[in-house]
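Here's the structure, in structure tokens; my notes come after.
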Amino acid sequence: MKELDQVVIRFAGDSGDGMQLAGNRFTVVTSLIPNDLATLPDFPAEIRAPAGTVAGVSSFQIHFSDHDILTPGDKPDVLVAMNPAALKVHLSSLAPGGVILANVDAFDERSLSKAGYSSNPLEGDELSSYRVYKIPMTKLTLEACKDAGVKPRDAERSKNFFALGLVSWMYTRPVEPTIDWIQKRFASNELVREANLRSFKAGYNFGETAELFESQYEVAPATFRSGTYTSVTGNTALAWGLIAASRLAKMPLFLGSYPITPASDILHELAKLKEFGVKTFQAEDEIAGAGSALGAAFGGSLAVTTTSGPGIDLKAETIGLAAHLELPMVIVDIQRVGPSTGIPTKTEQSDLSAVVYGRHGESPVPVVAAMSPSHAFEAAIEACRIAVKYRTPVYLLSDGYIANSSEPWTLPDVSRIEPIDPNFLEEPNHVDDEGKPSYWPYIRDPETFARQWALPGTPGMEHRVGGLEHQDGSGSVSYDPLNHEKMVQLRQAKVEAIAKAIPPVGLNDPDGPGGADVLLVSWGSTYSAVMAGVKRVRARGMKAAMAHLMYLNPFPANLGEVLGHYRKILVPEINSGQLCTMLRAAYLVDAQSISKVQGLPFKTAEIEAAIMDVIDND
Amino acid sequence: MKELDQVVIRFAGDSGDGMQLAGNRFTVVTSLIPNDLATLPDFPAEIRAPAGTVAGVSSFQIHFSDHDILTPGDKPDVLVAMNPAALKVHLSSLAPGGVILANVDAFDERSLSKAGYSSNPLEGDELSSYRVYKIPMTKLTLEACKDAGVKPRDAERSKNFFALGLVSWMYTRPVEPTIDWIQKRFASNELVREANLRSFKAGYNFGETAELFESQYEVAPATFRSGTYTSVTGNTALAWGLIAASRLAKMPLFLGSYPITPASDILHELAKLKEFGVKTFQAEDEIAGAGSALGAAFGGSLAVTTTSGPGIDLKAETIGLAAHLELPMVIVDIQRVGPSTGIPTKTEQSDLSAVVYGRHGESPVPVVAAMSPSHAFEAAIEACRIAVKYRTPVYLLSDGYIANSSEPWTLPDVSRIEPIDPNFLEEPNHVDDEGKPSYWPYIRDPETFARQWALPGTPGMEHRVGGLEHQDGSGSVSYDPLNHEKMVQLRQAKVEAIAKAIPPVGLNDPDGPGGADVLLVSWGSTYSAVMAGVKRVRARGMKAAMAHLMYLNPFPANLGEVLGHYRKILVPEINSGQLCTMLRAAYLVDAQSISKVQGLPFKTAEIEAAIMDVIDND
Amino acid sequence: MTDVATTNGKATSRKDWASDQEVRWCPGCGDFTILAAMQTMLADIGARRESTVFVSGIGCSSRFPYYMNTYGIHSIHGRAPALASGLAIARPDLDIWVITGDGDALSIGGNHFIHAMRRNINMNIVLFNNQIYGLTKGQYSPTSEVGSVTKSTPYGSIDTPFNPVSLALGAEATYVARTHDMDRNHMMEVLKRAHEHKGTSFVEIYQNCNVYNDGVFSDITGKDRRADYLIPLVHGQAIRYGQNGEYGVARGDDGHLHLVRVEEVGEDALLIHDESLENPSQAFELSRLARGPHEPTPIGIFRSVERPEYGYEVARQVAEVEGKKGIGDIAALLQSSGTWTVN
Amino acid sequence: MTDVATTNGKATSRKDWASDQEVRWCPGCGDFTILAAMQTMLADIGARRESTVFVSGIGCSSRFPYYMNTYGIHSIHGRAPALASGLAIARPDLDIWVITGDGDALSIGGNHFIHAMRRNINMNIVLFNNQIYGLTKGQYSPTSEVGSVTKSTPYGSIDTPFNPVSLALGAEATYVARTHDMDRNHMMEVLKRAHEHKGTSFVEIYQNCNVYNDGVFSDITGKDRRADYLIPLVHGQAIRYGQNGEYGVARGDDGHLHLVRVEEVGEDALLIHDESLENPSQAFELSRLARGPHEPTPIGIFRSVERPEYGYEVARQVAEVEGKKGIGDIAALLQSSGTWTVN
Ligand SMILES: Cc1ncc(C[n+]2csc(CCOP(=O)(O)OP(=O)(O)O)c2C)c(N)n1
Ligand SMILES: Cc1ncc(C[n+]2csc(CCOP(=O)(O)OP(=O)(O)O)c2C)c(N)n1
Ligand code: SF4
Ligand code: SF4
Ligand SMILES: [Mg+2]
Ligand SMILES: [Mg+2]
């Protein structure tokens, strides 16, 4: 038994091989150790890309450890390769000296040529710098299932459980949770249950008996703060955050949405959770998704619309109206690779400028971003809070990486989160010329500039709102030049006022403000790699500071001051430098963009290299 | 006869009073003097706002002079007020001591109260600081038409011609052109023709005989460069520019559009001009307007789509595809007051950031802006040239002010404009693995990065393009991370390469670069007021420089250098500072925004004051 | 007096339904009579102002909500049904009216329109069809007839227009009616029935735009020719028209509907109108009798059938799940995919 | 051999129409047979690759253009008809095919779809109806039946689906057909006729998504029950189906179409199918015979009538004006609103 402090495993195989499932189950048992962990699923855009091809490879990476970790790891230590294509695609990222667990049965001539191999890599010298284990996974799986009554074709499909069993043995994961899960999940399908169970056990036992491996490994439990934990993907956490916000505001949740990868899972999750009074509406398109949400908002629902890149373009006109009417709603953008259809299943942060600027006319809208899978819960609540408090649409940014990956999460005590007060107005707030009480929809709170909001159904508060410019206060249509200017300024001032209410940006600089040689600014999912990178350079004795932005519009009130302490500012983004441009404009600081647009999150090493680069060139 | 060097007249009356017509005819005869001139029409959003109300007032302002002028004038010297509401709305902008020509017949009790007057302003002291002429225009018109066989109700509608006649007399405009025009225009309707003719003459004669006026005025001809001139509105010039570009490129013009104020007139104009082979398509919405244009572009048309604010939001997704496919098209945005429906008939420059940033993903698109009505012709050709040369969508910005106002314009010699070479590829540019010639759609010109483009119908060049990321060169779908990054960079580099081909930004500083105390940066229609304002402060002995930006993306290559010469940079915009933000980000200069968002262009005095303000506070 | 009109507990009259905003349509515009019909009808049936919401898009017609003393949203060109859908699902207690034009509903808004029809969400869509874009000053619309000379078609339009009734029926509409701006009582009746209908009701109103398209419907709506051009559809009655009822609609030997002379076919051969047929085919066939407003045209309720209302169904599913699983518990939700505890 | 298939002057075979891209649908997906039918048909009729353009939106079905060795655009979800409209107007010389799915055409793209129908622009719209969103992994679509349990409707969908044939007919379509992915010959025939049709032709293909909606059409398309569930529409022939032709369609005494037993009504009572009727009502009525794919369903060409083609009309107006005014002269245009000269 060898002790390791951390391991990165990548399960890779054909889309039909069940790698996501194997990865997910491994994640669950790992969370029970408990190890700290982070995951990175990666799958092709096609539903079923042609079997055996490079395009059809699906993978799941998990990084787990006995200490606090942030990223799913740069390079896997172990690669499970269920077929030649999987090896082909992932070999180059394997750490030097890494382990390859290859399903040797799949390395037949046909599969090799489909993957583009002219000879079998398991046989030549090509892999000599790795530790290669050739395991007949298909054959062993078939044998294990032999007298279970399953057809061989079906039995073969259980080989992911064989692999899972084997890896579970290698890293001394408990077997009971997996066995329990298989039993429950396939309760109604005896043959499949039996095949999966037998294969899983066969894989585990193979490790134990085959004497192929020098030893088992152990990764000691990480020290977690005490509490109850779960493992959650970003999309699930975000959906739950919306439900929690609905409870906190006592406003029913309405989701108007049109399916799009990688946002659809939020719709799926919320559609299931009707016991929370959630109403989900699959609209005919993104415009109607946003429009229906805005209609529901007018009616007093906590209104949300979810989408990804292309949908953001389509919703722009409606969000402009929402900003103009000053009605709360949340627009969730799970960013993916653009422009246009791009690469739908890969991650990017390239919608930031579109959500900040992408509406005609002057229509400022707040923007909040989730920084990790579990943080999506908190970010969702915060987006809803700002929306309701300030009567404004709010963009909530996540991305494909956050959406699909998972991490351990201390369950929050929702009853202790501050409630959201919609503060509906039920009595007239104005007296008209004839002395009659009436309701003026654009009378504002002097501090937040939020307008007083009354709901249909309230007698005596009847009123009309609309997209034409309106008179301050009364809300009547107005073409008055100075009134228009005032309204433009008020809407801007309202969004800027949010800066007063949100927390100042935190500065992580062990030497105090300005102590470090360089400041890294992260936002959204770059948080984890940037934090990890900063830690690494600090470990090398260098001085790097970090500030993470959860609020992209408006910026926290102290951001200018924080940036002002540093001569060198680096802004790593999975785009061509969108936040960086915004910081330069707002604060006239010479922030430099570290850009990566490959559909993948930053690796810690990339951040480390970028920091070393500026420090070295000093 | 008194000589004046310049006059500003505003015709104002009810929407039904024909003020736009009167103003336009006055403009035409004024252009024949020739005086230099600039106009500013202003009309209500309603088709026919309730007669007699303040909301229903329509006006037309003309500024004409014996010297070069730039703006339609800040404050009218003469106000023609056809009814009380017109007086009410426009009085405050009249220059001190200005002339009011009031149709006294319209100042009855009902009309006064509709306009919100409790007593007749023509009778009290209220107007004592102006020179008020109370003229019974309705009565005189009716009398003039008495035995022409016209019904009184119809005859009354000619009173705009009475006013036109009167003002024509006052400023010694020739009468023949107007008489000719009436005769031609109403050739088929004898009664109307007669009524208009008689009324016009009656107005003219009234001036001559009534002894109400001390004298006639003359504004000497301005010195124009020799050439043939016409007077043109921005929308017409823009439409003509598109036709000229189509001829220059030998590509048929296709317009896919959905009506929207103030852009519709371009559709109307082009729909008429079928003898130029133009095909116009009124699509079901803006998405289809842009989509049909992109389809036509694929087929080799010079493809254009025209719209205003809300339409820009809706076209975003399609423009993102066009940028990704790298197909040429021009998106014309006649900006109006936003956000949302805003004030559709008023002007604004607030779509700049939307066109630069308003698409998901990294999808850079060039932006060009017209600076005056006649310049829209040139800007349209330039937008088409860039689109075709670089195979890219290009935004062409104009605004409601440019669209509807007019100015004298030296007719260009289109045959001397440089042709646009679409450079279609007709032979394969690649040899495939099997040695067969084939066509790769993403092989580029090494300098412009423009791709080699082949049209459907060309044998042997069959190929597919699409919104998924594609392989550099071949254009096949590619999910390769590094290829994606390369393509993002190439698309960006292509747009940036345009900066090499466009002229450097001109610096207007009599003292040489850096000589002035402040640099004014204008774009689009702010040109005229900024130039006029700069001239005024110079006339006061101050030093102000000016640079006008026709290209908003990419910026001219020398812009950073030009800005670098000045410590104080002012950027006046009819928005909240959108260009200013872009300049700050790009060049880290402390440019300051002069913002006006009232649906109206800047006045010269406003620019003057802003400049004095920074110089004084120095 | 039977049905006492009440709002906030008080009886209302037409003027209670008028907002304080000045009505700004062109003098003589057909929109005025529609406004009057709506206000009167709502007062008559005892509707409640506080529970009534008018949602519109953009267009002359879409200014309507500003003039109603109810809740209202003047939204985005073409998108009113989308907003109304969300509002109706979220708030099944409200009475929701969508006011739209031929451009708003059928050009830019065509998709939301057809989806509203099939979903049967609780809203009454009232389309002011003037066969023109009024607000943008006179371009042709998807209902303009072929050959229309307008600002955007100086040489005549070439698009076959939609027949809004056929389109709605093809999109699975449950309530489809047509009326016109010159008959206030008929408008009121048809609007009232729309209001009573559960789900999406669709009312097309032939509306005169006297500025850009004056008189297009005058054959049907004008007093002089109306008898010969307006075919009244009355449930349960033979379909008959003409100065003296001399014409009618009957199914011919070829199995298809035809305009007939009553004396030729006999009264018994006339088609008895049945708005409640489950199959929309006959209603569709009626909608095809006229190819444009210059032919005898059916006016009235083409179809009125029951189908589950969308918002109700949404609420039912929620209630059923709540009933089965109990009201959701957040703490339990957060634990639902398994937990581990560290002390 | 009569019609020799040629491209660039050479005869083609099916494989000339296949691009070099690997076909990436799920094994067993119905899309494969449609692809084969299209490629074979185009080779058979001697179409020219260089003049053929496939335009699609987004969806599994919309990957189709990548696999055709022709010109092609894989565009934006729902927008293919918009792009194709512009291309068809600009380039009347091209053969344009729009490939779309039930979500692409009828959900997000519904508006462009209905407007394409009414305008009759030169394009063939082929809708792969699998009653599901395939590419986004299994949400219900506007053609999914009520009660469908999918990822987005875990408790069953509540939306009444569109009947694409009814919708197209309600939108003034001139050519409307339905076929299915299990009968290559029928597909080829219907596609060929679509290709011959001038204007917009619309072909609905029942397509099996074996991953997310396996077998929804199996009553109609499966060999075992097909005879009892597939009602073939053949122009000029009595509408008849069943193992032994024992069933048919006839107009009843109530004037409406019914499914009948032939022995009960007699052969002569059967409806003779006429795809060329100017009035779309009977075609509409045929489209209502089945309320879903588990009832006997008409398959074939519902309607095929002539109406001026849009692109042709656009070109005609241009030619007429050019004829009358002469080819436009730019210098004259610039002077058209009057000039003055300064020397
Ligand atoms: C997105 C968008 N596109 C275009 C417009 C311009 N627009 C306003 S109303 C209208 C059409 C009005 O026609 P219709 O719906 O028939 O209403 P009407 O004015 O005739 O009552 C158009 C094109 C707009 N406001 N917004
Ligand atoms: C604007 C936009 N919205 C949503 C999507 C996501 N999306 C892609 S295909 C699709 C639906 C596919 O269904 P269908 O048209 O029936 O095609 P199928 O995959 O079933 O062939 C959706 C919702 C997108 N790509 N773009
Ligand atoms: S333009 Fe036509 S529809 Fe609009 S208000 Fe005037 S008359 Fe009515
Ligand atoms: S998901 Fe369905 S429609 Fe898509 S390729 Fe697979 S089987 Fe075909
Ligand atoms: Mg209209
Ligand atoms: Mg589908």
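Protein chains in written order, with our numbering: chain B, 834 to 1451; chain C, 834 to 1451; chain W, 4 to 346; chain U, 4 to 346. No residue lacks a Cβ here, since even glycine has one placed at the ideal position from N, Cα and C. All figures in this text were calculated on a predicted structure; none of them were measured in a lab.
Query - Contacting residues, own chain, Cβ-Cβ under 8 Å from E281 (chain U) (five flanking each side not counted) - result: V308
Report task. With 9 Å as the C-beta to C-beta threshold (strictly closer), list the residues of the stretch 332–344 of chain W near chain D in chain order. Result -> In the structure shown, chain D does not exist; the protein chains are B, C, W and U.
Report task. Closer than 9 Å, Cβ to Cβ, to anything on chain W: give me those residues from the stretch 879–894 of chain C, in chain order. Result -> E879, I880, R881, A882, P883, A884, T886, A888 and G889
Query - Beta-carbon spacing of D19 (chain U), W28 (chain U) below 8 Å - result: no
Query raised in the report: Excluding sequence positions up to five away, which residues of its chain have a Cβ less than 6 Å from the Cβ of P1252 (chain C)?
Result: L1081
Query raised in the report: Mind pulling the chain U residues with CB within less than 8 Å of V1281 (chain B)?
Result: Looking at the sequence provided, one finds Thr at residue 1281 (chain B) rather than Val. Ordered by position in chain U, no residue passes the 8 Å Cβ test against T1281 (chain B), which lies about 36 Å from the chain.
Requested in this report: Would you decide whether T5 (chain W) is buried or exposed? Buried here means 16 or more other CB atoms lie within 10 Å of its CB.
Outcome: Model confidence at T5 (chain W) stands at a pLDDT of 36, short of 50, so the residue's coordinates are unreliable and nothing is read from them.
Query raised in the report: In whole angstroms, what is the alpha-carbon distance linking I37 (chain W) and H1296 (chain B)?
Result: 20 Å
Query raised in the report: So, does the CB of G137 (chain W) fall closer than 8 Å to a CB anywhere in chain U?
Result: no
Query raised in the report: Terminal residues of the continuous beta strand (DSSP E) containing K1112 (chain B)?
Result: K1112 to Q1115
Query raised in the report: Given 8 Å as the limit, is there contact between the stretch 221–235 of chain U and the stretch 132–150 of chain U, that is, 3 or more CB pairs closer than that?
Result: no
Requested in this report: Measuring only between beta-carbons, confirm whether L90 (chain W) sits less than 8 Å from chain B.
Outcome: yes
Query raised in the report: Beta carbon of I61 (chain W), beta carbon of L172 (chain W): below 8 Å?
Result: no
Query raised in the report: Is the distance from the Cβ of S848 (chain B) to the Cβ of G889 (chain B) below 8 Å?
Result: yes
Query raised in the report: Between the stretch 203–224 of chain W and chain B, which residues of the former have CB atoms less than 8 Å from a CB of the latter, in chain order?
Result: none
Requested in this report: For E1295 (chain C), decide whether its Cβ has a neighbour in chain B, counting only Cβ atoms nearer than 8 Å.
Outcome: no
Query raised in the report: Over what stretch of residues does the alpha helix (DSSP H) that includes S1307 (chain C) continue unbroken?
Result: Looking at the DSSP string, S1307 (chain C) is not in any alpha helix (DSSP H), and its letter there is neither H nor E.
Query - Per-residue burial, R254 (chain U) [other beta carbons within 10 Å of its own, 16 or more giving buried] - result: buried
Requested in this report: Say whether the stretch 1201–1220 of chain C touches the stretch 1232–1243 of chain C, bearing in mind that this needs 3 or more beta-carbon pairs closer than 8 Å, one atom from each stretch.
Outcome: yes
Query raised in the report: Quick one: is P1092 (chain B) near chain U, going by C-beta distance under 8 Å?
Result: yes
Query raised in the report: Of the residues U:N123, U:F287, U:I161 and U:T153, which one's Cα is nearest the Cα of A119 (chain W)?
Result: U:I161
Query raised in the report: Any heavy atom of ligand 2 closer than 7 Å to the Cβ of L1323 (chain B)?
Result: no
Report task. With 8 Å as the threshold, decide whether the Cβ of T146 (chain W) is near any Cβ in chain C. Result -> no
Query raised in the report: Is it the case that the Cβ atoms of I1176 (chain B) and H1303 (chain C) are separated by a distance below 8 Å?
Result: no
Query raised in the report: Is S144 (chain U) near ligand 6, judged by its Cβ being under 7 Å from some heavy atom?
Result: yes
Requested in this report: Taking 8 Å as the cut-off, decide whether the C-beta atoms of A318 (chain W) and A1129 (chain B) are in contact.
Outcome: no
Report task. Starting from P1270 (chain C), follow its DSSP beta bridges and name the residues at the other end. Result -> C:V1264
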